[in-house]
Amino acid sequence: MSVNNATKAVCHCKPCQKRTASAFSVNVIIPRSAFKITQGITRSYPHLGDSGKLYHSHFCSNCGASTHGVPDASTSVLAIKAGSLDEEFVDLGAMDSEFYVVDRLGYLKALEGVEQHDGM
Numbered sequence: 001m002s003v004n005n006a007t008k009a010v011c012h013c014k015p016c017q018k019r020t021a022s023a024f025s026v027n028v029i030i031p032r033s034a035f036k037i038t039q040g041i042t043r044s045y046p047h048l049g050d051s052g053k054l055y056h057s058h059f060c061s062n063c064g065a066s067t068h069g070v071p072d073a074s075t076s077v078l079a080i081k082a083g084s085l086d087e088e089f090v091d092l093g094a095m096d097s098e099f100y101v102v103d104r105l106g107y108l109k110a111l112e113g114v115e116q117h118d119g120m
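Per UniProt numbering, the very first residue in the sequence shown carries number 1; after that it's consecutive.
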């Protein structure tokens with residue numbers, strides 16, 4: 001799957017801020033059917049999303065780096081954490097959306113020309 005065909009999004013939600021120890025997370029949203037872990041083992045922890053359904057945050061069982069998230073609210077997609085992508089995919093180009101902009105930290109500005117969403 002090419003990242004050019006995927007939705008690229010910045011998420012400003014509080015759980016992403018905590019999980020990344022940063023101001024936001026950068027995600028590549030793809031169909032679940034296109035995703036396969038080719039190396040290593042992940043662990044996950046669930047937390048309740050604003051949909052009232054669980055969001056499963058996966059991370060590397062060796063180093064603890066965030067790898068992807070699987071929302072129970074949407075059975076067709078998942079969000080790959082961009083920092084976990086191999087080097088040839090790191091430059092994602094322009095983002096498509098920003099989510100949870102109501103939680104965006106004050107020192108950050110909206111990305112120009114990018115869809116803005118209060119939630120998911």
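Virtual Cβ for every residue (Gly too), placed ideally from N, Cα, C.
Note down the Cα distance separating residue i from residue j, rounded to an integer number of angstroms.
{"i": "Val70", "j": "Lys109", "result": "27 Å"}
{"i": "Ala9", "j": "Ser57", "result": "16 Å"}
{"i": "Ala65", "j": "Lys53", "result": "23 Å"}
{"i": "Asp91", "j": "Asp50", "result": "30 Å"}
{"i": "Ser44", "j": "Asp96", "result": "27 Å"}
{"i": "Thr67", "j": "Asp118", "result": "24 Å"}
{"i": "Ser84", "j": "Arg19", "result": "14 Å"}
{"i": "Phe89", "j": "Ala82", "result": "8 Å"}
{"i": "Arg104", "j": "Gly113", "result": "17 Å"}
{"i": "Tyr107", "j": "Lys36", "result": "36 Å"}
{"i": "Thr7", "j": "Ile29", "result": "5 Å"}
{"i": "Lys14", "j": "Ser74", "result": "20 Å"}
Quick one: what's residue i bridged to in DSSP?
{"i": "Glu115", "result": "Ser97"}
Using 8 Å for Cβ pairs, my map puts residue i next to residue j. What's the rounded Cβ distance?
{"i": "Glu98", "j": "Leu78", "result": "Their Cβ separation, rounded to whole angstroms, is 19 Å, which puts Glu98 and Leu78 out of contact at 8 Å."}
{"i": "Ser61", "j": "Thr42", "result": "6 Å"}
{"i": "Ile80", "j": "Asn27", "result": "7 Å"}
{"i": "Ser25", "j": "Cys11", "result": "5 Å"}
{"i": "Ser76", "j": "Pro31", "result": "6 Å"}
Worksheet item: Quick one: complete beta strand (DSSP E) runs, 3+ long, within the UniProt domain "CENP-V/GFA" (1 to 101)?
Response: Counting whole runs of 3 or more residues, the UniProt domain "CENP-V/GFA" (1 to 101) contains the beta strand (DSSP E) stretches 7 to 11, 25 to 31, 42 to 48, 54 to 60, 66 to 71, 77 to 81, 97 to 99.
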